[in-house]
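Here's the structure we're looking at; comments come further down.
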Amino acid sequence: MLSGGLQMIRDHPLFGVGPERIHSEFPRYYSGTDLARANFYYGHLENNIVQIGAERGLLCLAAFFWFIFELYASLVAMLR
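Under our numbering, the letters of the sequence shown match residues 135 to 214, in that order.
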């Protein structure tokens, strides 16, 4: 699932494949046999960072990291 997500990021770097479109796009990027099983859920890539990058793009992923950094910096400032 990780390799499929990374390939999605390579193919759609700026804006990703689109919100909630992992489920419909994933079969194009996965070559395993598990996909035919009825209980195989592939709506989430099992890694939140890759999920954000593949679904929303690298711009949103950069904003996510900026948010986490700012949150951490403000928490450290409050503790001092």
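Even glycine gets a Cβ: it sits at the ideal position worked out from N, Cα and C.
Of the listed residues the options, nearest to residue i (C-alpha basis)
i: Leu148; options: Leu195, Arg162 and Ile183; result: Leu195
Residue j beta carbon less than 8 Å from that of residue i
i: Tyr163; j: Gln141; result: yes
i: Asn181; j: Gly139; result: yes
Whole-angstrom C-beta distance between residue j and residue i, which should lie under 8 Å
i: Leu209; j: Leu179; result: Not quite, the Cβ-Cβ distance comes to about 28 Å (not below 8 Å), so this is no contact.
i: Gly103; j: Ile156; result: Lying outside 135 to 214, the shown extent of the chain, residue 103 is not represented and no answer is given.
i: Pro153; j: Glu189; result: 6 Å
Stretch pair the region 137–151 + the region 184–202: three plus CB contacts closer than 8 Å
yes
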